[in-house]
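When the letters of the sequence shown are read in order and numbered with this note's numbering, they come out as residues 1390 to 1690. Each residue gets a CB set at the ideal place from its N, CA and C atoms; glycine is no exception.
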Amino acid sequence: MQGGKEDEVEVLRCQINEWYPMFKPHTIRTLFHPLPGPFLRYLLGLNPVSPPPHADSHSDDDDDAPPPFLLPRPASGRDPLPRPAAGIDPTSLLDCSSQLSVSDEDEAEADSAPSFPELEAAVERSIAALGGAAFPKLNWSAPKDAAWISADGTLRCSSFADVALLLHSSDSIAHDLSSRPLPSSSSSFPLFTFYLALRKWYPSLRPEMEFRCFARCRRLIAISQREVTNFYPALLDRRHHFLPLIQSFFSEVVGPTFESRNYTFDVYVTIDGRVKLIDFNPWRAFTLPLLFTLPRRLPYR
C-alpha cells in the first residue's frame, strides 16, 4: 500500500503545474488556466450541462447519449475555423440561382454548440501574450496524437477554437481526464483541478535536438533521442558534445531540485548549447523507453 501511495505522489509531481514554478528559468514560458467542470465534460464528449435531477427520466431516451461534436461557439463572434453553413446542399452550389435556406432544425443545432466565454477570453489573452501562438498541454499530456486534425499538422494554436479542437480530438487527453473523478456538471471546478498549460510556440525547434533522460535512484543513467522514427546522422557526430551539457544540467538543476527518486525528463538543446527543460514523466510502464527496453537496460529494482 505504501508503494502505491509513493507511485501516486510521483505521478502528481510530474504535473506541469507542479514542477513549472521550480524550473521556470530553465523551461519554455507557460501560462496556466484552471479548467471548469463543464469544459472538462465537453472534452470527454459529455454534455457540459446535464439535465436537472428532478427531470423526467422517461421524457427523452437520448438524454444520456453523447452529444455530437461541436466546436465551442465563439463568444467574440469571430470564428477562426471555417464551418459549413447549415442546410446547404453541396450540389446546389453548382446552380447560381438556387436559394440557400437554413431550417429550424439546423438553427437549433447551431445554437446547441457549447460556449465558454470566460475561459475563451482568458485563453485568447494568453495566446496574445505568448506572441500570437502557443501549444496546449494539460497537467500531464499534450494532444500530440491529434496534431493531424490541425490545419498545418502541428500543435500550433492561435485561437481558443484551435485549442478546443486539439484537446477534444486527443485520446491522450481523454486518458488523463478519465484517470480522475469525473467533474459534476453543476460545479464550476472539480475537486481535482485540471489546468490548461499554454506554452510559447517556437516554429524553429528541431526534433533531433530533444532528448529523454532517465533518472534512477537520483542518478542519470541513460539518455535517448526523443524522436525515434527517424535517423539523424548529426547525432552520431555530436553526441559527445550533447552528453556533458545534459549531465551538467541534471547535476546542477534537475537533480538537486526534483524530489522524486525515479523519473524521466525531456530536454531540448539549443544551437548555442543551452539546455531547456520540456517535461517530466514518472518511472512507469506507460512512459515510453524509446531506444531502451525497460526490463533489461533500465531495471526497476
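Whose CA, out of the options, lies closest to the CA of residue i?
i	options	result
residue 1654	1587, 1642, 1668 and 1661	1668
residue 1550	1601, 1505 and 1566	1505
residue 1591	1547, 1647 and 1644	1547
residue 1604	1638, 1588, 1629 and 1597	1638
residue 1622	1611, 1596, 1413 and 1529	1596
Can you round the beta-carbon distance between residue i and residue j to whole angstroms, since I take them to be within the 8 Å contact cut?
i	j	result
residue 1422	residue 1512	6 Å
residue 1532	residue 1544	7 Å
residue 1503	residue 1461	5 Å
residue 1585	residue 1632	With 8 Å as the limit, residue 1585 and residue 1632 do not qualify as a contact, their Cβ atoms being about 35 Å apart.
residue 1523	residue 1516	5 Å
residue 1656	residue 1602	6 Å
residue 1644	residue 1607	6 Å
Where residue i and residue j are concerned, what is the direct C-alpha to C-alpha distance, given to the nearest angstrom?
i	j	result
residue 1534	residue 1561	7 Å
residue 1652	residue 1430	30 Å
residue 1658	residue 1626	15 Å
residue 1664	residue 1583	28 Å
residue 1417	residue 1553	21 Å
residue 1616	residue 1410	27 Å
residue 1404	residue 1629	31 Å
residue 1666	residue 1525	16 Å
residue 1589	residue 1507	21 Å
residue 1530	residue 1406	12 Å
residue 1636	residue 1435	45 Å
residue 1563	residue 1425	16 Å
residue 1401	residue 1612	23 Å
residue 1567	residue 1581	12 Å
For the ligand COA, I want to know if residue i counts as a neighbour, meaning its beta carbon is within less than 7 Å of at least one of the ligand's heavy atoms.
i	result
residue 1433	Absence of the ligand COA is noted for the structure shown, with no ligands found whatsoever.
From the DSSP secondary-structure annotation, give me the bridge partner or partners of residue i.
i	result
residue 1419	1588
Counting only C-beta atoms, is residue i closer than 8 Å to chain B at any point?
i	result
residue 1406	Absence of chain B from the displayed structure is noted, only one protein chain being present.
Any chance you could list the alpha helix (DSSP H) runs of at least 4 consecutive residues sitting entirely within the stretch 1516 to 1582, in chain order?
1549 to 1557 and 1560 to 1567
Within the stretch 1635 to 1662, note down every full beta strand (DSSP E) run reaching 3 residues or more, in order along the chain.
1652 to 1658
Go through the stretch 1587 to 1611 residue by residue and report every complete run of the beta strand (DSSP E) that reaches 3 residues or more, in order.
1599 to 1605
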